[in-house]
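Contents: one structure, followed by commentary.
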Amino acid sequence: MIDFNRFKLENGLTVLHHFDPTTPMAVINTLYDVGARDESEDKTGFAHLFEHLMFGGSVNIPDFDAPLQNAGGESNAFTSNDITNYYNVLPVQNIETALWLESDRMLSLGFTPKSLEVQRNVVIEEFKQRYLNQPYGDVWLELRPLAYHKHPYKWATIGKNIQHIEEATMDDVKAFFKAHYHPANAILCIAGNISLEETKRLVEKWYGDIPASLKPERILPKEPVQTEFRELTIERKVPNDAFYYAFKMPERRSFEYYVTDIISDALGREKSSRLYFKLKKELKLVTSINAYITGSLDEGLLIIDGKLSDGASFEDLDAALWSLLEELKTELMPETEASKLLIKIRTVKEFQEQGLLNRAMNLCNYELLGDANGVNEENALYQSITPQQIKAVANQLFKKENTSVLRVKSIKE
Amino acid sequence: MSFRSQQPETKQVDHISFVKPQIFDITQDVKLLWMQEVPNETVRLDLFFDAGITRGGKSIPAIVHSLLLSGTNELSSVEIHEKIDSLGGFLDTDISFETAVVSIYCLREHIRPISNIVANAIQELSFRDNEVEDVLRSMKQQYAVNQQKVKYVAQQQFRKQLFASNTDYSTISEESDYDDISLFSFKKFWKEHYLNGLTRMTLVGNLELDDVDALIDLFGKWAVDSKVNYANGFEFQAQRLDFPKDGAVQCALRMGRFLFHKSSPDYIDFQVLNTILGDYFGSRLMSNIREDKGYTYGIGTGVMDMNETGYFVIVTEVGKEVLDKTLHEIKFELERLQTELVPEDELNLVKNYMLGQLLKSADGPYAMLDMYNSVDMYNLDLSFYDDAIQKVKNITAVRIQELAKQYLNFEDFLIITAG
Numbered sequence: 001m002i003d004f005n006r007f008k009l010e011n012g013l014t015v016l017h018h019f020d021p022t023t024p025m026a027v028i029n030t031l032y033d034v035g036a037r038d039e040s041e042d043k044t045g046f047a048h049l050f051e052h053l054m055f056g057g058s059v060n061i062p063d064f065d066a067p068l069q070n071a072g073g074e075s076n077a078f079t080s081n082d083i084t085n086y087y088n089v090l091p092v093q094n095i096e097t098a099l100w101l102e103s104d105r106m107l108s109l110g111f112t113p114k115s116l117e118v119q120r121n122v123v124i125e126e127f128k129q130r131y132l133n134q135p136y137g138d139v140w141l142e143l144r145p146l147a148y149h150k151h152p153y154k155w156a157t158i159g160k161n162i163q164h165i166e167e168a169t170m171d172d173v174k175a176f177f178k179a180h181y182h183p184a185n186a187i188l189c190i191a192g193n194i195s196l197e198e199t200k201r202l203v204e205k206w207y208g209d210i211p212a213s214l215k216p217e218r219i220l221p222k223e224p225v226q227t228e229f230r231e232l233t234i235e236r237k238v239p240n241d242a243f244y245y246a247f248k249m250p251e252r253r254s255f256e257y258y259v260t261d262i263i264s265d266a267l268g269r270e271k272s273s274r275l276y277f278k279l280k281k282e283l284k285l286v287t288s289i290n291a292y293i294t295g296s297l298d299e300g301l302l303i304i305d306g307k308l309s310d311g312a313s314f315e316d317l318d319a320a321l322w323s324l325l326e327e328l329k330t331e332l333m334p335e336t337e338a339s340k341l342l343i344k345i346r347t348v349k350e351f352q353e354q355g356l357l358n359r360a361m362n363l364c365n366y367e368l369l370g371d372a373n374g375v376n377e378e379n380a381l382y383q384s385i386t387p388q389q390i391k392a393v394a395n396q397l398f399k400k401e402n403t404s405v406l407r408v409k410s411i412k413e
Numbered sequence: 001m002s003f004r005s006q007q008p009e010t011k012q013v014d015h016i017s018f019v020k021p022q023i024f025d026i027t028q029d030v031k032l033l034w035m036q037e038v039p040n041e042t043v044r045l046d047l048f049f050d051a052g053i054t055r056g057g058k059s060i061p062a063i064v065h066s067l068l069l070s071g072t073n074e075l076s077s078v079e080i081h082e083k084i085d086s087l088g089g090f091l092d093t094d095i096s097f098e099t100a101v102v103s104i105y106c107l108r109e110h111i112r113p114i115s116n117i118v119a120n121a122i123q124e125l126s127f128r129d130n131e132v133e134d135v136l137r138s139m140k141q142q143y144a145v146n147q148q149k150v151k152y153v154a155q156q157q158f159r160k161q162l163f164a165s166n167t168d169y170s171t172i173s174e175e176s177d178y179d180d181i182s183l184f185s186f187k188k189f190w191k192e193h194y195l196n197g198l199t200r201m202t203l204v205g206n207l208e209l210d211d212v213d214a215l216i217d218l219f220g221k222w223a224v225d226s227k228v229n230y231a232n233g234f235e236f237q238a239q240r241l242d243f244p245k246d247g248a249v250q251c252a253l254r255m256g257r258f259l260f261h262k263s264s265p266d267y268i269d270f271q272v273l274n275t276i277l278g279d280y281f282g283s284r285l286m287s288n289i290r291e292d293k294g295y296t297y298g299i300g301t302g303v304m305d306m307n308e309t310g311y312f313v314i315v316t317e318v319g320k321e322v323l324d325k326t327l328h329e330i331k332f333e334l335e336r337l338q339t340e341l342v343p344e345d346e347l348n349l350v351k352n353y354m355l356g357q358l359l360k361s362a363d364g365p366y367a368m369l370d371m372y373n374s375v376d377m378y379n380l381d382l383s384f385y386d387d388a389i390q391k392v393k394n395i396t397a398v399r400i401q402e403l404a405k406q407y408l409n410f411e412d413f414l415i416i417t418a419g
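Chains as they are written, first to last, in UniProt numbering: chain W, 1 to 413; chain H, 1 to 419.
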């Protein structure tokens, strides 16, 4: 159970407060309701570029990191296709420094040409390091546009094309900031040994005068229901053949989302999962196999990926995989298997709540979904899932026409 | 001037409460450390073995490590994992130079049954043919994938060269290691380094004393029966070696040299120098090579602790076309530390940052146990940290310059590039 308080400033900023008297540290977590899905198709990679620019100095403070480090703290951020999340961890006695820094960059960025130039290069190096210079590094750049034709999930967070980043102008950057990085589009969580009264006073002091803007209206192209099987085979200089099966799955706010999560665990989370046992240990078709969900807010993907054993064929794998998926569609999951999956979920949750930063991030995430208290109801939701529901959702998911398959064929150097 | 231009007042961290775990002697040299005050249901148990990668030829330690839960005469690996999963347990295993660790994470109600399963799986390990083949097949593929990663190649070659004077430490994996199913040597290694290789146990969790006794009874029989010896006195050659890779768009760089053991009087002072140079986001290497030049996504430095010694390393991946410029900037930053005194502002910032990080590393029972363990393993105690606070607070720019002159000569480094 994570206790919290919630209040809202006049400019629209939502604030969550979580009291923990046992730690000497404090966390300031800011979730901006903007991700790669909010980019226009000819200017992708901006949310992520912003994650970098937000450390390049703000309107009144030339350097973000040095004052925070001077206060004994550190910070970082991440961007997904849905959100951008910034966090600071520092000794609680210096919490005001983090509020000063975060509020100033919400007020406005410094926008220096130098900062844009350098972060552009850094992002290009990041693109090379993560996507180009790794075996199998580019598969998501290929898989997303295969699975999505209309919805902006069709491009990766880093961008559809690195040229978009190379060509980003200062005007583009300013316009993107103005639209998305303001109080009404943010959720702030303050966690640590600090009272609600003191939190209110400090938040009012630092964020109260930031001008209000309207929350941008989000009208995203809806992905049409997939009606045909899609496949793509690419050839790469990689050691082994690899496969990526993507099945469209329900959106984050639906109950079926949780059911799909359980299904992915049953298939390929652990070394006792169905795919691992059958495809790796028994049939020896693969050397590795995993199943997981993308966890996205709009309609996401359940992914099954892995690498073929030497000598195994994509056709053999395909036949064996579908026969396992058929079992989930026709037979009820045994009680023992369901309880195994549920106890793991309970354990993970208990460990996650161990850390102050995790608690703050989770509260913000659930607030974005509609109510921070969702974090406390999540486990009960999972525990309420029945074998009948699992079977019903498996029938929605595992249809040929709901599937996109990417194969990476290994070519020798 | 707007009130926003002025940083709010800050206070330096001046006190950190270090909490000592309860300590149980399993044998004269092997102990269990227990942190009991945990405010929730979670438990972590770590078993440390004298089974690091330097303990056997070829890839034997890594292979045996991967085989630990691969089945007994009664149970297959899937059945063992099925049992652990059914109790909500997570296993995490790690193998480094001088140590191998098996960790169990679970809820406290399940620690005893899960421990029984793990203990039985390791004790009765049967090296079933099909399981051994499966593990080797996966490891061989992973090896091939790793060979395509410039970072991995640089790391392996760095190790090979830095530890060149000692074959146990310098041998790196080869593809053929995974073709040679040498059951006899696997079994020998397992008996010598696991069944007689437990060097330490650490435990975090709100358990009863009975539980702790039971865990000691269960795993204590594997305690090593004589003092473990680790290598020392390595010699290496300062040189640059390049490992080209066609088609790579980035080059991985590792450069380093030997330093000293964690008990050295220079250790903490050097950590301040290390932080200034490359161990935080505002470090000189990050500011210059990432934030000013945009040559890389990241660059960092670290002090690596070993049982008898320690070494220093600089790690990055940079655009292939700017590799030489990067090396030039690294040299420039090393020399700047040797010739100019670190300005007071920067030194104060690093002091404050380091004290804040120290406070964070002592936050909560999990962090505190790790902190205690990371000194106790090297025969030091918590006074190490009290001493660290004082040393960080009192260090001067002159002292930092002295250390830079002594330890950061560009010519003294081994430099490996891949890409």
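Ideal Cβ positions, reconstructed from N, Cα and C, are used throughout, including at glycine.
Keep in mind the model is a prediction, meaning the values are calculated, not measured.
Test: residue i CB closer than 8 angstroms to a CB of chain H
| i | result |
| --- | --- |
| W/V27 | no |
| residue 423 of chain W | Not covered by the structure: residue 423 of chain W. The range shown for chain W is 1 to 413. |
| W/I187 | no |
| W/K281 | yes |
| W/N121 | yes |
| W/V89 | yes |
Per-residue burial, residue i [other beta carbons within 10 Å of its own, 16 or more giving buried]
| i | result |
| --- | --- |
| W/V225 | exposed |
| H/A100 | buried |
| W/A119 | Checking the sequence, you will find Gln at residue 119 of chain W rather than Ala. Classification of W/Q119: buried, given that the 10 Å Cβ count is 16 or more. |
| W/H18 | buried |
| H/F221 | Looking at the sequence shown, residue 221 of chain H is not Phe but Lys. Counting Cβ neighbours within 10 Å, H/K221 comes out exposed, since fewer than 16 surround it. |
| W/F255 | exposed |
| W/L214 | exposed |
| H/N73 | exposed |
| H/G52 | buried |
Residues sharing a beta bridge with residue i, DSSP
| i | result |
| --- | --- |
| H/P265 | DSSP output for H/P265 lists no bridge partner at all. |
| W/A319 | Beta-bridge pairing links W/A319 to no other residue. |
| H/R284 | Answer is none; H/R284 lacks a bridge partner. |
| H/F92 | Contrary to the premise, residue 92 of chain H reads as Asp rather than Phe in this sequence. The partner list for H/D92 (beta bridge, DSSP) reads H/S103. |
| H/T301 | H/I314 |
| H/D29 | Bridge partners of H/D29: none, in fact. |
| W/L90 | W/A26 |
Short CB-CB distance (under 8 angstroms) between residue i and chain W
| i | result |
| --- | --- |
| H/F332 | no |
| H/H328 | no |
| H/R128 | no |
| H/R336 | no |
| H/T296 | yes |
| residue 430 of chain H | Residue 430 of chain H is absent from the model: chain H starts at 1 and stops at 419. |
Residues from the region 224 to 236 of chain W in contact with chain H, defined by Cβ distance under 7 angstroms | So the list is empty, because no residue satisfies the distance condition.
Is the region 230 to 250 of chain W close to the region 351 to 371 of chain W, with three or more CB pairs under 8 angstroms?
-> Cβ pair count under 8 angstroms is below three, so no.
Answer yes if the region 228 to 239 of chain H comes into contact with the region 301 to 313 of chain H, meaning at least three C-beta pairs across the two stretches below 8 angstroms, and no otherwise.
-> Contact holds: three or more Cβ-Cβ distances are below 8 angstroms.
Between the region 347 to 359 of chain H and the region 401 to 412 of chain W, do three or more beta carbon pairs fall short of 8 angstroms?
-> Because the criterion of three Cβ pairs below 8 angstroms is not met, the region 347 to 359 of chain H and the region 401 to 412 of chain W do not touch.
Along the region 235 to 264 of chain H, what residues have a CB closer than 8 angstroms to any CB found in chain W?
-> Within the region 235 to 264 of chain H, the residues whose Cβ lies closer than 8 angstroms to some Cβ of chain W are D246, G247, A248, V249, Q250, listed in chain order.
Quick one: any contact between the region 370 to 385 of chain W and the region 331 to 345 of chain W, if contact means 3 or more CB pairs under 8 angstroms?
-> The region 370 to 385 of chain W makes contact with the region 331 to 345 of chain W, as at least three CB pairs between them are under 8 angstroms.
Select from the region 137 to 149 of chain H all residues with a C-beta closer than 7 angstroms to any C-beta belonging to chain W, and list them in chain order.
-> Against chain W - using a Cβ distance shorter than 7 angstroms - the residues of the region 137 to 149 of chain H are R137, S138, Q141, A144, V145, Q148, K149.
Give the residues from the region 284 to 302 of chain W that approach chain H closer than 8 angstroms (Cβ to any Cβ), ordered along the chain.
-> Residues passing the 8 angstroms Cβ filter: K284, T287, S288.
May I ask you to verify whether the region 47 to 56 of chain H touches the region 72 to 81 of chain H, counting CB pairs closer than 8 angstroms and requiring at least 3?
-> Judged by Cβ distances under 8 angstroms, the region 47 to 56 of chain H makes no contact with the region 72 to 81 of chain H, as fewer than three pairs qualify.
Is the region 46 to 59 of chain W touching the region 93 to 100 of chain W, taking contact as three or more C-beta pairs under 8 angstroms?
-> They do not touch, by the three-pair rule.
What residues in the region 47 to 68 of chain W bring their beta carbon closer than 7 angstroms to a beta carbon of chain H?
-> Here the close residues are N60, D65, A66, P67.
Chain W contacts made by the region 27 to 56 of chain H, where a contact means CB separation under 8 angstroms | Residues of the region 27 to 56 of chain H with a Cβ closer than 8 angstroms to any Cβ of chain W, in chain order: P39, N40, E41, T42.
Does the region 272 to 291 of chain H come close enough to the region 62 to 72 of chain W that 3 or more CB-CB pairs lie under 8 angstroms?
-> At 8 angstroms Cβ cutoff, the stretches touch.
Residues of the region 128 to 143 of chain W with Cβ closer than 7 angstroms to any Cβ of chain H, in chain order = Hits within the stretch, in order: K128, Q129, L132, N133, Q134, P135.
Per the contact definition of three or more C-beta pairs closer than 8 angstroms, is the region 388 to 399 of chain W in contact with the region 254 to 263 of chain W?
-> Verdict: yes, contact present.
Below 8 angstroms, can you find three or more Cβ-Cβ pairs linking the region 157 to 167 of chain H to the region 137 to 148 of chain H?
-> Remark: fewer than three beta-carbon pairs, one from each stretch, lie closer than 8 angstroms, so the region 157 to 167 of chain H and the region 137 to 148 of chain H are not flagged as touching.
So does the region 359 to 368 of chain H actually touch the region 9 to 20 of chain H, counting three or more Cβ pairs closer than 8 angstroms?
-> Yes, since at least three Cβ pairs between the region 359 to 368 of chain H and the region 9 to 20 of chain H fall closer than 8 angstroms, the two stretches touch.
Residues in the region 366 to 399 of chain W having any Cβ partner in chain H nearer than 9 angstroms = Cβ contacts with chain H: none found.
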